[in-house]
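A.B. asks: If you're matching positions, the sequence shown starts at 1 in the UniProt record's numbering and goes up one per residue. We put the beta carbon where it would ideally sit given N, CA and C, even for glycine. Here it is, the structure, as structure tokens.
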Amino acid sequence: MLSLVIALCVVGSLSAHLPEVFVHYQDGALHFKMQHFPGLKEVNFNYQLGSQAKNVIPKMGTANKGGDGYWHLTDKKIDLQPGDSIQYNAVAWGTVGKLHAPVASWVYAPEPTRGPRRLRGAVMFRDDFNGGGLDASKWNYEVSMFGGMNWEFQVYTNDKSNVYTQNGKLFLKPTKTVDDPRWDEHYLHSGVMDVAQIWGYCTQSAQYGCHREGKNGILPPVMSGKVKSKPVLRYGTVEVRARIPQGDWLWPAIWMLPRDSHYGGWPRSGEIDIMESRGNVRASGHGVNEVSSTLHWGTSAGDNHYGQTTHSKQAADWSNSFHTWRLEWTHDHMATFVDNQEILRVTPPSGGFSQLGHTSNIWAGNDKMAPFDKEFYLILNVAVGGTNGFFPENWDYGYPKPWSNTSPHAALDWWNGRSKWESSWHGDKVAMEIDYIEMRHL
1 MLSLVIALCV VGSLSAHLPE VFVHYQDGAL HFKMQHFPGL KEVNFNYQLG SQAKNVIPKM
61 GTANKGGDGY WHLTDKKIDL QPGDSIQYNA VAWGTVGKLH APVASWVYAP EPTRGPRRLR
121 GAVMFRDDFN GGGLDASKWN YEVSMFGGMN WEFQVYTNDK SNVYTQNGKL FLKPTKTVDD
181 PRWDEHYLHS GVMDVAQIWG YCTQSAQYGC HREGKNGILP PVMSGKVKSK PVLRYGTVEV
241 RARIPQGDWL WPAIWMLPRD SHYGGWPRSG EIDIMESRGN VRASGHGVNE VSSTLHWGTS
301 AGDNHYGQTT HSKQAADWSN SFHTWRLEWT HDHMATFVDN QEILRVTPPS GGFSQLGHTS
361 NIWAGNDKMA PFDKEFYLIL NVAVGGTNGF FPENWDYGYP KPWSNTSPHA ALDWWNGRSK
421 WESSWHGDKV AMEIDYIEMR HL
């Protein structure tokens with residue numbers, strides 16, 4: 001796969017600075033993106049091919065604001081050859097008026113095509129899930145209503161209805177809370193959920209993760225599963241063969257976090273998202289037909305440069321069958337694959353991720369891969385909903401989204417709109433089904 005991302009800093013008028021503009025050409029499409037900031041209402045990109053191209057045609061496109069906090073414009077009708085240049089600038093409108101950026105230039109210089117060689121180090125951990133249940137020597141459960149700072153709508157449990165093995169597969173399955181005979185609709189609105197009392201312990205108390213009362217809104221209307229590997233890895237490969245779930249507003253993920261926050265709180269110590277998807281079956285381009293990989297890194301939550309290290313891949317329906325997801329992690333680069341097709345490749349420059357992101361070097365004196373130079377553990381989970389923007393307001397889901405990301409009672413709104421989505425939840429299809437996971441050293 002040919003891929004190149006170059007960040008260029010552009011400066012606007014009215015004493016304001018427009019954020020960095022990223023230019024990216026991949027799979028025959030030219031991509032522009034620029035980070036959103038408060039008060040920004042519209043972004044246009046003006047661009048044209050340079051003198052080395054065959055057809056010099058000025059173009060202009062209005063960007064769309066994505067759920068990732070960036071304005072995006074994609075041109076699929078452009079054919080670039082190595083050495084072709086693009087002249088472009090951004091024009092934005094907002095509460096401070098109209099902002100112009102000076103014309104900048106970008107040259108298409110694809111990386112050399114790589115052969116099919118794969119890293120084949122020694123296996124240091126593997127689970128085929130052939131036992132009578134989840135192996136407690138290999139995995140930890142998350143048991144909490146904590147929504148990962150995303151205010152997701154589920155409670156993670158250790159119930160056998162949410163986390164179980166069957167026929168050599170691990171199932172992480174969301175279920176409606178009212179389908180459990182212990183609880184009903186009245187309980188969601190007036191009961192008390194004490195996680196430790198119900199499930200024996202609570203793993204995360206942040207965001208009322210251990211104790212909530214329904215009278216303050218609604219108790220989690222969904223129960224689901226999330227497990228974390230006890231073995232950790234630093235450089236090597238992670239391979240997971242799995243079928244991802246199908247069902248509106250499901251958010252499955254195969255990802256990794258650092259064992260120790262060596263460089264500080266998130267995202268200073270990094271996050272590796274090998275696979276994320278949305279279970280929506282009627283969404284236009286952003287449901288079960290799309291999967292993505294992302295690296296999160298930066299000096300603070302407000303300085304997360306994941307927009308430079310994310311990419312998605314399309315198919316008719318990723319949830320219909322099993323696929324093999326793989327992370328390749330070396331001292332030089334990180335890459336993700338699905339069925340040996342590359343999704344994302346990140347090769348930081350010699351100055352590391354601080355040079356890539358033009359940010360202060362909080363990782364100075366360490367490997368150029370820092371913060372991705374420490375031990376990480378694997379996480380498998382199926383979340384539901386949330387208000388962090390993973391399900392943007394302005395996307396086409398086939399019907400109006402039941403909640404707003406700014407609503408103080410988003411989970412209640414989602415639950416009240418269940419007549420729209422519950423017909424898309426069918427049996428075990430809502431589960432993430434894992435055949436095996438394997439970790440190898442370099």
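On the three-state DSSP scale, how would you describe N289?
C.D. replies: Coil.
A.B. asks: Quick one: what does DSSP say F353 is sitting in, helix, strand or coil?
C.D. replies: F353 falls in the helix class under three-state DSSP.
A.B. asks: Looking at the secondary structure, which residues open and close the alpha helix (DSSP H) in which W199 lies?
C.D. replies: Element bounds for W199: 195-199.
A.B. asks: With a CB to CB cut of under 6 Å and the five nearest residues on each side skipped, what residues in its chain are close to G66?
C.D. replies: Once the five neighbours on either side are set aside, the close Cβ partners of G66 are H72.
A.B. asks: Which residue's Cα is closest to the Cα of N280: G121, G97, W425, F32?
C.D. replies: Looking at the Cα atoms, W425 is the closest of the given residues.
A.B. asks: Below 8 Å between beta carbons: does that hold for R126 and E433?
C.D. replies: In this structure, E433 does not lie closer than 8 Å to R126 by Cβ.
A.B. asks: Going by DSSP in three states, R418 sits in which element: helix, strand or coil?
C.D. replies: R418 falls in the helix class under three-state DSSP.
A.B. asks: Among K215, T175, Y208, V23, which residue has its Cα nearest to the Cα of L188?
C.D. replies: Nearest C-alpha to L188: K215.
A.B. asks: Alpha carbons only, please: which of N44, K226, V222, F45 is nearest the one belonging to F171?
C.D. replies: It is K226.
A.B. asks: Spatial neighbours of F337 within its chain, please: CB distance less than 6 Å, with the 5 preceding and 5 following residues excluded, ordered by chain position.
C.D. replies: Hits under 6 Å: R326.
A.B. asks: Give the straight-line distance between the Cα atoms of E142 and P220, rounded to the nearest whole angstrom.
C.D. replies: C-alpha separation (whole angstroms): 15 Å.
A.B. asks: What is the rounded straight-line gap between the Cα of P258 and the Cα of G168?
C.D. replies: Roughly 28 Å separates the two Cα atoms.
A.B. asks: For R126, which of helix, strand or coil comes out of DSSP?
C.D. replies: It is a strand residue.
A.B. asks: If you follow the beta strand (DSSP E) that S190 is part of, which residue opens it and which one closes it?
C.D. replies: S190 -> not in any beta strand (DSSP E); alpha helix (DSSP H) instead, spanning 185-190.
A.B. asks: Measuring straight from C-alpha to C-alpha, what distance separates I244 and G352?
C.D. replies: Computed Cα separation, rounded: 33 Å.
A.B. asks: Check whether the region 286-302 touches the region 261-269, counting contact only when three or more Cβ pairs, one atom from each stretch, lie closer than 8 Å.
C.D. replies: Contact holds: three or more Cβ-Cβ distances are below 8 Å.
A.B. asks: Round the Cβ separation of Y235 and W329 to the nearest angstrom and send it over; I've been treating them as touching at under 8 Å.
C.D. replies: Rounded, the Cβ-Cβ distance is 5 Å, consistent with contact.
A.B. asks: My output table needs one value for V10: the three-state DSSP class, helix, strand or coil.
C.D. replies: Because V10 sits at a pLDDT of 34, beneath the cut-off of 50, its placement in the model cannot be relied upon, and the following sentence gives the value as read from the coordinates. Here V10 sits in coil by DSSP.
A.B. asks: Output the distance between the C-alpha atoms of D128 and S419, rounded to the nearest integer angstrom.
C.D. replies: Taking the straight line joining both Cα atoms gives about 37 Å.
A.B. asks: Three-state secondary structure (DSSP) at V23?
C.D. replies: Strand, per DSSP.
A.B. asks: A335 bridges to which residues according to DSSP?
C.D. replies: DSSP output for A335 lists E328, R345 as bridge partner(s).
A.B. asks: Flag this pair as touching only if the region 275-292 and the region 408-415 have three or more C-beta atom pairs under 8 Å; answer yes or no.
C.D. replies: No, the region 275-292 is not in contact with the region 408-415.
A.B. asks: Since I believe E42 is in contact with residue 443 (beta carbons under 8 Å), could you give me their beta-carbon distance rounded to a whole number of angstroms?
C.D. replies: Nothing about residue 443 can be read from this structure; the chain reaches only from 1 to 442.
A.B. asks: Use the C-beta contact count for D248: other C-beta atoms within 10 angstroms, 16 or more gives buried, fewer gives exposed.
C.D. replies: When all chains shown are included, D248 counts as buried.
A.B. asks: By alpha-carbon positions, which one of L18, G147, E152, T175 ends up nearest to K160?
C.D. replies: Among L18, G147, E152, T175, the Cα nearest to that of K160 is on T175.
A.B. asks: Which class does Y263 belong to by DSSP, given the choice of helix, strand or coil?
C.D. replies: Three-state result, Y263: coil.
A.B. asks: Since G61 sits in a beta bridge, which residues does DSSP pair it with?
C.D. replies: Beta-bridge pairing links G61 to F45.
A.B. asks: Report yes or no: do the region 139-159 and the region 195-205 share at least 3 C-beta pairs separated by less than 8 Å?
C.D. replies: The answer is yes - the region 195-205 touches the region 139-159, with three or more Cβ pairs under 8 Å.
A.B. asks: Which of the three DSSP states, helix, strand or coil, is assigned to A29?
C.D. replies: Strand at A29.
A.B. asks: Could you check if K77 is buried or exposed, using at least 16 other CB atoms within 10 Å of its CB as the buried criterion?
C.D. replies: With fewer than 16 other Cβ atoms within 10 Å, it is exposed.
A.B. asks: Kindly indicate which residue of T294, G39, H100 has the alpha-carbon position closest to the one of V21.
C.D. replies: Residue H100 is the option with its Cα nearest to V21.
A.B. asks: For G133 and G386, which I take to be in contact (beta-carbon distance under 8 Å), what is that distance rounded to the nearest angstrom?
C.D. replies: So it is not a contact: roughly 29 Å between Cβ atoms.
A.B. asks: Could you tell me which residues DSSP pairs with F376 in its beta bridges?
C.D. replies: According to DSSP, F376 bridges with L233, P258.
A.B. asks: Which word fits H311, buried or exposed, when buried means at least 16 other C-beta atoms lie within 10 angstroms of its C-beta?
C.D. replies: Buried: at least 16 other Cβ atoms inside 10 Å.
A.B. asks: Quick one: Cα of L250 to Cα of M124, how far?
C.D. replies: For L250 and M124, the distance between alpha carbons rounds to 31 Å.
A.B. asks: Using a Cβ-Cβ cutoff of less than 7 Å, which residues in the same chain neighbour S190 once the five nearest sequence positions on both sides are dropped?
C.D. replies: Correct list, in chain order: G214, K215.
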